[in-house]
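Working notes, structure below.
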Amino acid sequence: RVDAGEAADAVVDVECIHFAHSIYHEGAECEAAMAREGYTVMHIQQKDTDHTLQHPKWAVVVSPARALVLVVYRGTWSWSDTIHDLMFIPMALPCGIKVNKGPSIAVSWSEASILSVVQRALHLCA
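Sequential numbering from 18 applies to the sequence shown in this note's numbering.
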(Lines of atoms letter the chains of each structure in order from A; the text may use other names.)
(Lines give C-alpha, C1' and ligand atoms only; values in the text may rest on other atoms or scores of the structure.)
Protein backbone atom coordinates (compact mmCIF):
# COMPACT_ATOMS: atom_id res chain seq x y z
CA ARG A 18 0.00 0.00 0.00
CA VAL A 19 1.30 3.43 -0.94
CA ASP A 20 0.50 6.41 1.25
CA ALA A 21 -0.28 9.88 -0.09
CA GLY A 22 3.24 11.20 0.64
CA GLU A 23 4.89 8.37 -1.28
CA ALA A 24 2.51 8.89 -4.20
CA ALA A 25 3.28 12.62 -4.26
CA ASP A 26 7.01 11.86 -4.22
CA ALA A 27 6.56 9.46 -7.13
CA VAL A 28 4.74 12.16 -9.11
CA VAL A 29 7.59 14.61 -8.52
CA ASP A 30 10.13 11.93 -9.54
CA VAL A 31 8.28 11.41 -12.84
CA GLU A 32 8.13 15.18 -13.38
CA CYS A 33 11.89 15.44 -12.83
CA ILE A 34 12.52 12.72 -15.42
CA HIS A 35 10.23 14.49 -17.88
CA PHE A 36 11.85 17.88 -17.23
CA ALA A 37 15.37 16.47 -17.57
CA HIS A 38 14.38 15.32 -21.05
CA SER A 39 12.60 18.60 -21.84
CA ILE A 40 15.62 20.83 -21.17
CA TYR A 41 17.25 19.54 -24.36
CA HIS A 42 14.50 21.22 -26.40
CA GLU A 43 14.58 24.85 -27.46
CA GLY A 44 13.65 27.40 -24.79
CA ALA A 45 10.02 28.09 -25.77
CA GLU A 46 9.21 24.41 -26.32
CA CYS A 47 10.79 23.47 -22.98
CA GLU A 48 9.00 26.26 -21.11
CA ALA A 49 5.66 25.21 -22.64
CA ALA A 50 6.19 21.59 -21.55
CA MET A 51 6.93 22.66 -17.99
CA ALA A 52 4.04 25.14 -17.90
CA ARG A 53 1.64 22.32 -18.82
CA GLU A 54 2.71 20.68 -15.55
CA GLY A 55 2.14 23.89 -13.58
CA TYR A 56 5.75 25.03 -13.33
CA THR A 57 7.43 28.31 -14.16
CA VAL A 58 10.95 28.17 -15.57
CA MET A 59 13.34 30.26 -13.51
CA HIS A 60 16.39 29.48 -15.63
CA ILE A 61 17.53 27.10 -18.35
CA GLN A 62 21.26 26.95 -18.94
CA GLN A 63 21.98 27.55 -22.59
CA LYS A 64 23.82 24.87 -24.52
CA ASP A 65 27.56 24.94 -23.86
CA THR A 66 29.14 26.26 -27.05
CA ASP A 67 32.67 25.95 -25.66
CA HIS A 68 33.32 22.31 -26.48
CA THR A 69 36.27 22.19 -24.09
CA LEU A 70 34.02 22.60 -21.03
CA GLN A 71 31.02 20.35 -21.70
CA HIS A 72 29.20 21.30 -18.50
CA PRO A 73 25.86 19.56 -17.89
CA LYS A 74 22.76 21.42 -18.99
CA TRP A 75 20.49 22.33 -16.06
CA ALA A 76 17.25 24.12 -15.27
CA VAL A 77 15.47 25.44 -12.19
CA VAL A 78 11.67 25.37 -12.22
CA VAL A 79 9.21 26.43 -9.55
CA SER A 80 5.61 25.70 -8.66
CA PRO A 81 4.60 28.37 -6.12
CA ALA A 82 1.16 26.75 -5.73
CA ARG A 83 2.85 23.54 -4.55
CA ALA A 84 5.74 25.34 -2.78
CA LEU A 85 8.12 23.24 -4.84
CA VAL A 86 11.43 24.08 -6.50
CA LEU A 87 13.08 21.52 -8.78
CA VAL A 88 16.61 21.47 -10.15
CA VAL A 89 17.02 19.13 -13.11
CA TYR A 90 20.09 18.49 -15.19
CA ARG A 91 21.25 16.45 -18.13
CA GLY A 92 24.64 15.46 -19.40
CA THR A 93 26.40 16.61 -22.52
CA TRP A 94 27.03 13.39 -24.47
CA SER A 95 30.76 14.14 -24.18
CA TRP A 96 33.64 11.93 -23.07
CA SER A 97 33.89 13.81 -19.77
CA ASP A 98 30.16 13.22 -19.25
CA THR A 99 30.65 9.49 -19.87
CA ILE A 100 33.44 9.35 -17.29
CA HIS A 101 31.27 11.16 -14.74
CA ASP A 102 28.40 8.74 -15.42
CA LEU A 103 30.68 5.79 -14.62
CA MET A 104 31.53 7.11 -11.14
CA PHE A 105 28.93 5.20 -9.12
CA ILE A 106 30.62 5.85 -5.78
CA PRO A 107 28.05 7.07 -3.22
CA MET A 108 28.80 10.54 -1.87
CA ALA A 109 27.00 12.34 0.97
CA LEU A 110 26.04 15.95 0.32
CA PRO A 111 26.28 18.43 3.23
CA CYS A 112 22.50 18.08 3.72
CA GLY A 113 22.89 14.32 4.24
CA ILE A 114 21.42 13.11 0.94
CA LYS A 115 23.54 10.49 -0.82
CA VAL A 116 24.08 10.83 -4.56
CA ASN A 117 26.35 9.28 -7.18
CA LYS A 118 29.70 11.05 -7.06
CA GLY A 119 30.20 11.49 -10.82
CA PRO A 120 27.05 13.44 -11.70
CA SER A 121 27.39 15.44 -8.50
CA ILE A 122 30.90 16.56 -9.48
CA ALA A 123 29.69 17.49 -12.98
CA VAL A 124 26.85 19.62 -11.64
CA SER A 125 29.09 21.23 -9.01
CA TRP A 126 30.76 23.18 -11.85
CA SER A 127 27.58 25.24 -12.02
CA GLU A 128 26.85 25.23 -8.28
CA ALA A 129 27.07 29.00 -7.68
CA SER A 130 24.73 29.76 -10.58
CA ILE A 131 22.27 27.06 -9.56
CA LEU A 132 22.19 28.26 -5.94
CA SER A 133 21.53 31.83 -7.04
CA VAL A 134 18.54 30.78 -9.13
CA VAL A 135 17.23 28.45 -6.41
CA GLN A 136 17.31 31.31 -3.89
CA ARG A 137 15.18 33.44 -6.23
CA ALA A 138 12.80 30.52 -6.76
CA LEU A 139 12.42 29.95 -3.02
CA HIS A 140 11.23 33.55 -2.59
CA LEU A 141 8.32 32.76 -4.93
CA CYS A 142 7.30 29.88 -2.65
CA ALA A 143 7.46 31.90 0.57
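Note that CB positions come from ideal geometry on N, CA and C, so glycine has one too.
| Asked | Found |
| --- | --- |
| Own chain residues within Cβ distance below 6 Å of Q62, not counting five before or after | K74, W75 |
| Separation of L141 from A84, as counted between CA atoms | 8 Å |
| Whole-number beta carbon distance between G44 and S80, since they are thought to touch under 8 Å | Contact doesn't hold; Cβ gap of about 19 Å is too wide. |
| P111 to S121 span [Cα, whole Å] | 12 Å |
| For E23 and V135, the rounded distance between their alpha carbons | 24 Å |
| Spatial distance of M108 from S125 (CA atoms) | 13 Å |
| Helix, strand or coil at S39 [DSSP, three-state] | helix |
| Run of the alpha helix (DSSP H) containing S80, from where it starts to where it stops | Where S80 is concerned, there is no enclosing alpha helix (DSSP H), although the beta strand (DSSP E) it sits in stretches over 74–80. |
| Neighbourhood of M51 by C-beta, 7 Å cutoff - its chain only, sequence neighbours within 5 removed | F36, S39, V58, V78 |
| H60 vs S130 beta-carbon contact at 9 Å | yes |
| Contact check, L87 vs E32, beta carbons under 9 Å | yes |
| Alpha-carbon to alpha-carbon, I34 and A27 | 11 Å |
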